[in-house]
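Taken in sequence, the protein lines are chains R and W.
Per the working numbering, the first sequence starts with residue 215, numbered consecutively.
Per the working numbering, the second sequence starts with residue 15, numbered consecutively.
A short write-up of the structure that comes next.
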Amino acid sequence: MSLPVSTPLPPRRTGAASVADPPRTRAGRPPRSRAAGAAAGVLLWGYAAVALTPLLVMVSSSLRTEADLADRPLGLPLHPVFENYARAWSDGNFSTYFTNSVLVTCGSVLLGTGVSVLAAYALARYRFFGHGVMSAYFLAGLMLPIRLGIVPVFYLLNSLGLIDSRIGLICVYAASGVPFSVFVLTAFFRQLPAELEEAARMDGAGELRIFAQIMVPLVRPALMTVALFQFIPLWNDFFFPLVLIGNSDKYTLPVGLTHFVAEFETAHAQLNAGLVITTIPLVVLFLLATKQIVAGLTAGMSR
Amino acid sequence: MAQIVLDNVDKVYPGAVRAVDGLTLEIKDGEFMVLVGPSGCGKSTALRMIAGLEDISAGTVSIGDRVVNDLAPKDRDIAMVFQNYALYPHMTVEQNLAFGLQLRGTPKPEIKKRVAEAAKMLGLDQYLKRKPAALSGGQRQRVAMGRAIVREPQAYLMDEPLSNLDAKLRVSMRASLNQLHDRLGVTTVYVTHDQIEAMTLGHRVCVLREGRLQQVDTPQRLFDNPVNLFVAGFIGSPAMNFVTAQLVRDGGPHVAFAGEKLPVPEETFAGKPGLDGYFGREVIVGVRPSDFEDAAHANARWARIPVHTSVTEELGSEINVIFTIDAPPVVHKDTTDLAQDATEGEEDAAIPLVEDKALWTARVNARSHVRPGQDIELAVDTNNLHFFDPDSGVAIGHAAAHAVAPAGA
């Protein structure tokens with residue numbers, strides 16, 4: 215997405231470009247000494263081990279029987295069994311929790327991003343009465359953790375009849391992501407040259423078309439980033455569904471997990487299976503989106 | 015195609031900054047009009063008012079027979095080429111070209127035809143599927159042109175479209191622009207700060223300064239008959255040499271400066287009515303570098319002056335001889351403005367003058383082999399001397415002189 219200014223010609227973006235990127239950046243680094251390289255290697259591998267071990271234990275435990283777990287808490291799944299997953303999915307109600315999580319998280323991200331992109335565009339590219347106040351208002355949302363406002367939020371939703379409702383949860387979640395998204399998107403919108411807008415205007419585009427067909431496509435990498443940044447904490451959030459949702463049919467995965475522990479006191483194997491089910495979507499999302507986001511960010515830098 | 019008429023157009027920004035001040039200009043149908051001037055002279059603002067990207071504070075702008083003051087840019091039937099091209103980065107060349115037509119509801123086969131024609135004309139056929147990022151500067155520039163061409167508008171507006179290209183490409187694009195205009199014959203308004211671009215491209219050139227029109231004329235007439243010191247100094251490279259001189263009658267009219275005397279031919283007085291009123295008074299005399307020649311290679315009837323060469327610039331086909339004359343540089347608002355533009359506002363960018371003496375440039379034949387530090391005799395074509403009033407800076411006896419507001423008024 216580099217813009218046609220007088221910068222030297224960036225390399226052609228072909229399908230192979232993204233594959234070719236990492237070696238090029240590595241070659242660009244100054245050569246380091248052997249010792250420093252080794253130290254960095256040890257540090258990074260050490261960190262990777264610390265980060266990955268719990269995940270590996272979780273996966274391996276989910277593949278072992280309850281008896282096996284009780285016998286040896288740590289150990290390899292020598293005879294892997296998959297019944298934990300089946301039982302968590304059906305008996306533990308995980309199918310319901312999973313659907314709820316997907317509905318609530320995706321709905322919130324879509325709503326939050328949609329509102330943010332509209333607000334950010336207006337704040338970045340128009341001067342209007344109350345501009346400063348509006349900017350400050352959105353920024354204030356970044357300053358206060360939304361969890362501090364749980365009591366007013368609870369009463370607000372209660373009076374709206376949105377307690378124990380997935381829609382209520384979506385509203386709270388969507389709003390919670392707006393300040394950060396507006397903050398990021400405003401910066402991106404502001405960078406786009408005014409000439410693009412003027413050129414589109416001369417071409418005959420109205421405000422809405424300039425927004426939708428010229429400006430939004432140009433901030434797509436930023437949109438991906440803010441969507442992902444909303445998605446992860448919402449998917450993992452335990453607090454709001456715990457407070458705002460009472461009916462277990464409407465639980466999301468994190469709350470569902472605790473429910474599960476309480477009902478099946480010692481079902482550690484199934485709990486681990488549940489954790490894996492909860493984690494997999496995040497891992498998949500990262501694998502899919504990282505490439506997009508990195509590509510978007512580097513393209514944004516080369517402009 | 016249409017003519018564009020600006021009638022007494024003003025642009026006042028908040029804080030009472032007058033970017034354009036009473037600009038009246040008639041651009042004929044099919045004409046290539048260049049607006050030129052130093053940065054901040056209001057040329058871009060004027061263009062943007064024609065485009066509809068800036069409000070018009072006062073006066074009227076008409077395109078064709080319509081007053082367009084209150085029309086949105088898209089309804090003015092004009093196309094603009096921007097300095098940084100403003101191509102849509104996420105669209106391919108083809109989509110970039112077609113975008114404006116799609117929005118106007120042009121039928122698909124027609125769009126295809128026009129895009130193909132424009133691409134062929136500009137040599138972009140093989141790049142249609144590429145995105146702007148994968149194009150070189152010159153190619154992007156051509157796409158920007160193509161986007162204007164496919165629209166088949168009443169007029170093209172171009173805002174310094176070549177200034178982002180490197181020098182060599184700029185020269186070749188200049189030639190292609192000329193060709194393109196000959197072929198399409200569409201009214202074009204072109205903004206630049208580069209006087210060479212202005213001279214080579216424009217049918218007529220409009221020199222602006224501080225939002226005010228100085229002179230509009232063909233490039234040759236601007237060069238030969240500048241209306242004031244500012245235009246005289248701005249048009250032409252190297253710039254015209256100035257000196258404050260006495261007009262004396264001393265066995266024939268002469269101008270005396272720096273211990274030298276140049277005869278003024280009698281025909282000059284016929285061509286510049288009012289000049290004889292300056293006898294015994296000071297005038298500012300201007301001499302084009304090209305009106306000098308090495309005496310050894312010059313017309314025998316030209317006047318001679320001996321000079322001491324300080325610097326020479328050998329350009330192959332000619333030599334620029336830079337020498338000091340024994341007179342202070344002309345201090346007038348027009349010349350200081352020009353000097354400021356040349357150094358882009360940096361006070362200390364120019365080399366300080368030696369003992370406050372004016373530096374002159376003469377362009378002589380490459381065969382003269384003059385060296386720095388050498389004393390040579392230069393011949394001057396006194397038929398082409400320029401005379402300016404030392405107070406107003408206006409050319410004495412110029413037909414349009416009364417139309418120019420005195421500097422700083």
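Each residue gets a CB set at the ideal place from its N, CA and C atoms; glycine is no exception.
Query: Could you pull the DSSP bridge partners for residue 268/W from this structure?; Result: 262/W and 277/W
Query: When DSSP labels each residue in this structure, what does residue 17/W get in the three-state scheme?; Result: coil
Query: For residue 27/W, which residues does DSSP report across the bridge?; Result: 31/W
Query: Between residue 344/W and residue 49/W, what straight-line distance do the alpha-carbon atoms span, to the nearest angstrom?; Result: 27 angstroms
Query: Thinking C-beta only, is residue 37/W closer than 8 angstroms to residue 19/W?; Result: no
Query: Since residue 409/R meets chain B, which of its residues come closer than 7 angstroms, beta carbon to beta carbon?; Result: Going by chain labels, chain B is absent from the structure shown, which instead holds the protein chains R and W.
Query: What does the alpha-carbon distance come out to for the pair residue 320/W and residue 271/W?; Result: 13 angstroms
Query: Go ahead and pull the three-state DSSP assignment for residue 295/W.; Result: coil
Query: Rounded to whole angstroms, what's the CA-CA distance from residue 235/R to residue 505/R? Just pull it up for me.; Result: With a pLDDT of only 42 at residue 235/R, under 50, the local geometry of the prediction cannot be trusted, and the value read off the model is given with reservation. Residue 235/R and residue 505/R: Cα-Cα distance of roughly 11 angstroms.
Query: Any residues in the stretch 61 to 89 of chain W with a beta carbon nearer than 9 angstroms to a beta carbon of chain R? Which ones, in chain order?; Result: 62, 65, 66, 67, 86, 87, 88 and 89
Query: Residues in its own chain within less than 6 angstroms of residue 112/W by CB, not counting five upstream and five downstream?; Result: 125 and 129
Query: Against residue 533/R, what residues of chain W qualify as contacts under a CB-to-CB distance less than 9 angstroms, listed in chain order?; Result: Chain R is shown only over 215 to 517; residue 533/R falls outside these bounds and no answer can be derived.
Query: Figure out for me which residue from 74/W, 156/W, 264/W and 244/W has the closest Cα to the Cα of residue 178/W.; Result: 156/W
Query: Three or more beta-carbon pairs under 8 angstroms between the stretch 389 to 403 of chain W and the stretch 293 to 311 of chain W, yes or no?; Result: yes
Query: Does any C-beta atom of chain W lie closer than 8 angstroms to the C-beta of residue 428/R?; Result: yes
Query: Enumerated in chain order, which unbroken segments of the beta strand (DSSP E) with a length of 3 residues or greater are wholly contained in the stretch 188 to 231 of chain W?; Result: 201 to 206, 218 to 223 and 226 to 231
Query: Give me the subset of the stretch 427 to 450 of chain R whose CB atoms are less than 9 angstroms from a CB atom of chain W, sorted by chain position.; Result: 427, 428, 431, 432 and 434
Query: Over the uninterrupted alpha helix (DSSP H) stretch that includes residue 178/W, give me the two end residues.; Result: Segment: none, residue 178/W is in no alpha helix (DSSP H) and carries neither H nor E.
Query: Rounded to whole angstroms, what's the CA-CA distance from residue 306/R to residue 352/R? Just pull it up for me.; Result: 40 angstroms
Query: Which whole-angstrom value describes the C-beta separation of residue 388/R and residue 457/R, a residue pair presumed to lie in contact below a C-beta threshold of 8 angstroms?; Result: Not really, about 17 angstroms apart at Cβ, beyond 8 angstroms.
Query: Under 7 angstroms Cβ to Cβ from residue 239/R, same chain only, skipping five residues before and after it: list those, please.; Result: Residue confidence for residue 239/R is low, a pLDDT of 44 falling below 50, so the modelled location carries little weight; the figure read from the coordinates is stated next. Cβ within range, chain order: n/a, list empty.
Query: For a test of the three-state rule: what should DSSP assign to residue 421/R, helix, strand or coil?; Result: helix
Query: Assign residue 391/R to one of two classes, buried (16 or more other C-beta atoms within 10 Å of its C-beta) or exposed (fewer than that).; Result: buried
Query: In whole angstroms, what is the alpha-carbon distance linking residue 290/R and residue 345/R?; Result: 60 angstroms
Query: Which residues does DSSP list as the beta-bridge partners of residue 457/R?; Result: Answer is none; residue 457/R lacks a bridge partner.
Query: Do residue 224/W and residue 55/W count as a contact pair if the criterion is CB distance below 8 angstroms?; Result: yes
Query: How should residue 250/R be labelled, buried or exposed, when 16 other C-beta atoms within 10 angstroms of its C-beta is the threshold for buried?; Result: exposed
Query: Given 8 angstroms as the limit, is there contact between the stretch 437 to 449 of chain R and the stretch 282 to 289 of chain R, that is, 3 or more CB pairs closer than that?; Result: no
Query: Going by CA-CA distance only, name the one from 400/W, 348/W, 379/W and 16/W that's closest to residue 313/W.; Result: 379/W
Query: Roughly how many angstroms separate the alpha carbons of residue 241/R and residue 253/R, rounded to a whole number?; Result: Any reading at residue 241/R needs caution, since the residue's pLDDT is 47, under 50, leaving its predicted position unreliable; the model's value is listed next. One C-alpha to the other measures close to 20 angstroms.
Query: Using a beta-carbon distance cut-off of less than 9 angstroms, what residues from the stretch 130 to 152 of chain W approach chain R?; Result: 144, 145, 146, 147, 148, 149, 150 and 151
Query: Listing by chain order, which chain W residues have their CB less than 8 angstroms from the CB of residue 418/R?; Result: 88, 114, 117 and 118
Query: Would you mind stating whether residue 348/W and residue 227/W have Cβ atoms separated by less than 8 angstroms?; Result: no
Query: If the cut is a Cβ gap below 7 angstroms, which residues of chain W does residue 415/R touch?; Result: 87 and 88
Query: Counting contacts by CB-CB distance shorter than 8 angstroms, is residue 195/W in contact with chain R?; Result: no
Query: Quick check: the stretch 208 to 219 of chain W against the stretch 230 to 244 of chain W, are at least 3 beta-carbon pairs closer than 8 angstroms?; Result: yes
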